[in-house]
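2 protein chains.
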Amino acid sequence: MTSNAPRPRSRRERPAKPALSHEGIVDTAVRLMESDGLQRVTMRRLAQELDTGPASLYVYVANTDDLHAAMLERLLGAVELTPPAEDWRERLVQVLASYTHVLFAHPGLARAAVAVRPNGPHYLALVETILALLHEGGVPDGQAAWGVDVLLQVATATAAEHATRAADGTSVRAHDDAIAALRGASADRHPRIAALGDDLYSGAPEQRLAWAFRAVINGTGGTPRT
Amino acid sequence: MTSNAPRPRSRRERPAKPALSHEGIVDTAVRLMESDGLQRVTMRRLAQELDTGPASLYVYVANTDDLHAAMLERLLGAVELTPPAEDWRERLVQVLASYTHVLFAHPGLARAAVAVRPNGPHYLALVETILALLHEGGVPDGQAAWGVDVLLQVATATAAEHATRAADGTSVRAHDDAIAALRGASADRHPRIAALGDDLYSGAPEQRLAWAFRAVINGTGGTPRT
DNA sequence: ACCTGAACACCGTTCAAGT
DNA sequence: ACCTGAACACCGTTCAAGT
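Chains as they are written, first to last, in the working numbering: chain U, 108 to 333; chain Y, 108 to 333.
Set out below in C-alpha cells:
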C-alpha cells in the first residue's frame, strides 16, 4: 500500500533539483534567452524552468532590470578585448565592434542595456581596455574619461535600434515608413533632406557603425573640455 | 415608470463622449503620461480614460510601440529649433540640448525613444535643422548624412539613462553601485580606471552632454567616409 | 536564513459579433 | 467602416507562513 501512495508531483526532467543561486539563475536566464528570446525570460517562466515559484527568485535578484544587467555582464565575457590590428585606433574600433556584435546576437538585451549598465568584472575589463587604447593614442585623460561613455552609448544604442528592427515584421515596416517619410520630404520645406536624398540611409550597418566609432574617437581626441 | 428605468452606466465626468480619433488618443496618452508617468499609459488605462474598451484603440494605433512613437512626435513640437547663438556649432549644441531637455522631462518616453523613431513633421523638422547647421559649418554632405544619426543617438541614449535613474530609488542605487565598482577597481588589473579615478564620473550631466555633442560634431566634420 | 503558496493588481492583443 | 465584449494567455512583486 505504501508503495502505491501518491507521490508529490514528479520532476522527471530534472532528476535532482539543484539549490538556487544567483549564478544558477543567471545561467538559466541566459540559456532561456538564447532559445526563446528575452521576451520569454520572465520571472515566472524562469521560476518554472528552475522548478520553483517566482517569489523564490527575489532572494537572489532585486528585480527584472537587475536580472538583465547580470545577464549582460555574463555575455560580456565574449567580447574580444585584444584584436590583432596594429593601429590603436583600428584596435579600438574592433573592440567596440565586438561589443556591438555580442549585443546584436541577443536582440532583446540590447534594448535593456540602454537603461541598465552592468558593473561586473567583464564590464570593468571592457572599460579598462577602451581607456588603455585611448591612452595609447595620446588622448588626454579628461577627454578619455568622458569619451568612453559616448563610445559605449553609440554602440549600445545602435544595437538596440537594430535589435528592434530585427525582432518582428511590424518594426521593419516602421523603419520603412521612416525612410519613406525622409524620401517624401518636400524640397521646399526640407531642402537639406532633399539634397542628401538616399545618402541619409545609405551604407551597410557595419560601415556606418565603424565610421561612427572613428568619428567619436576623433572627436574625443580633438575636443578639449571647456 | 419609464423615467425610472435603469440607464446604462452613466459617464458623469465626460458629458458627451467624443468620437475616437488618432489625434484624440495621442492627446489623452500624453496627458496621462504627464500626470501618471509612462508606465501607467497602458492600452487598458488609456481605453478607460477614453471611456471605451482596449480593443477600440487598435483601430487607430498598431501597437504600443506605435503609440509611443506618436507621443514622442507630438512632444517634439516643443524643441527649440532656432536658438539665438551666433556660432553654428553653438546653435547646434543648443538644438540638441533642447531635444534632450524634452526627453528629460518625460522620463519613460526617453527609454522607448531609443527603439522607436518617430517620422512625423516635427521629427523631420529636427533632422532638417541639424543638417542645415552642419551644412552651414561646412561639413561635407556624406558625413553630415551619417553624423545626424549619431548626434540623435547620443542625445536619446543620454536621456534614457538619466530617465531610468530618475524613475525610482532602486535605479539610483544601481548607479551608485556602478560608481562603487569603478572606484573599487584594483590599480593592478585596471591601471587606467585607477589613474582616472573620480574623473570617470565627474561633471554635471549638462556639461558632459554639451562636451559629448561638441566631440561628435567635431568628429563628424573631421572624419572622412572610407 | 532561505524558500514558497497564494494573492494582488494588473498587462497586450485578437476576434467574432454587433452597429 | 468602425467599434466592442469577452476571452486568451499571460505579467512583476509582495508577504505571511512555513522549514
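Think of the CB as a built atom: it goes at the ideal place given N, C-alpha and C, for glycine as much as any other residue.
Annotation: His175 (chain Y) to Leu307 (chain Y) spans about 33 Å, alpha carbon to alpha carbon. Contact annotation, Leu139 (chain Y) with Glu156 (chain Y): C-beta distance approximately 6 Å; criterion of less than 8 Å satisfied. Looking from the CA of Pro161 (chain Y), the closest CA among Y:Ala317, Y:Ala169 and Y:Arg151 belongs to Y:Arg151. Within chain U, the residues whose beta carbon sits less than 9 Å from that of Gln260 (chain Y) are Gln260, Val261, Ala264, Thr265, Glu268 and Ala319, listed in sequence order. At a beta-carbon threshold of 8 Å, the residues of chain Y lying near Val323 (chain U) are Val257, Ala322, Val323 and Gly326, ordered along the chain. A straight-line Cα-Cα distance of about 7 Å links Arg196 (chain U) and Gly244 (chain U). If you compare the alpha carbons of U:Asp173, U:Pro125 and U:Leu210 with that of Glu141 (chain U), the shortest gap goes to U:Leu210. Excluding residues up to 5 positions away in sequence, Arg198 and Gln201 lie with their Cβ nearer than 7 Å to the Cβ of Ala192 (chain Y) in the same chain.
Taking a cut-off of 8 Å for Cβ pairs, the segment 262 to 272 of chain U and the segment 311 to 325 of chain Y do not touch, as fewer than three such pairs fall below it.
Contact of Val234 (chain U) with chain Y is assigned, a C-beta pair being separated by under 9 Å. Around Thr236 (chain Y), the same chain offers Leu188 and Val202 as residues with beta carbons nearer than 7 Å, after the five sequence neighbours per side are excluded.
For Asp194 (chain Y), no alpha helix (DSSP H) segment is defined, and its DSSP state is neither H nor E. By the beta-carbon neighbour count (other beta carbons within 10 angstroms, threshold 16), Val166 (chain U) is exposed.
The C-beta of Glu313 (chain Y) has fewer than 16 other C-beta atoms within 10 Å across all chains shown, which makes the residue exposed. A direct Cα-to-Cα measurement between Ser309 (chain Y) and Leu182 (chain Y) gives close to 31 Å. Relative to Leu289 (chain U), the option among Y:Arg296, Y:His297, Y:Asp256 and Y:His282 whose CA is nearest is Y:Asp256. Looking at U:Arg321, U:Val186, U:Asp305 and U:Gly254, the one whose alpha-carbon comes closest to that of Ala212 (chain U) is U:Val186.
Per DSSP, the unbroken alpha helix (DSSP H) holding Val133 (chain U) starts and ends at His129 to Asp143.
For the pair Ala270 (chain Y) and Leu216 (chain Y), the CB atoms are nearer than the 9 Å cut-off. With respect to the 9 Å criterion, Gly254 (chain Y) and Ile324 (chain Y) are classified as neighbours on the basis of their beta carbons. Taking a contact as a CB-CB distance under 8 Å, the pair Thr327 (chain Y) and Ala251 (chain Y) counts as one, their CB atoms being some 7 Å apart.
Among the residues facing chain Y, Leu216 (chain U) is not included, as its CB has no counterpart in that chain under 9 Å away.
Note on Arg218 (chain Y): 16 or more other CB atoms within 10 angstroms of its CB, so buried under the neighbour-count rule. Thr207 (chain Y) counts as buried, since no fewer than 16 other beta carbons sit within 10 angstroms of its beta carbon. The three-state secondary structure of Ser205 (chain U), taken from DSSP, is helix. Distance from the CA atom of Thr135 (chain U) to the CA atom of Met178 (chain U), rounded to whole angstroms, is 10 Å.
A Cβ-Cβ contact shorter than 9 Å links His229 (chain Y) with Glu180 (chain Y).
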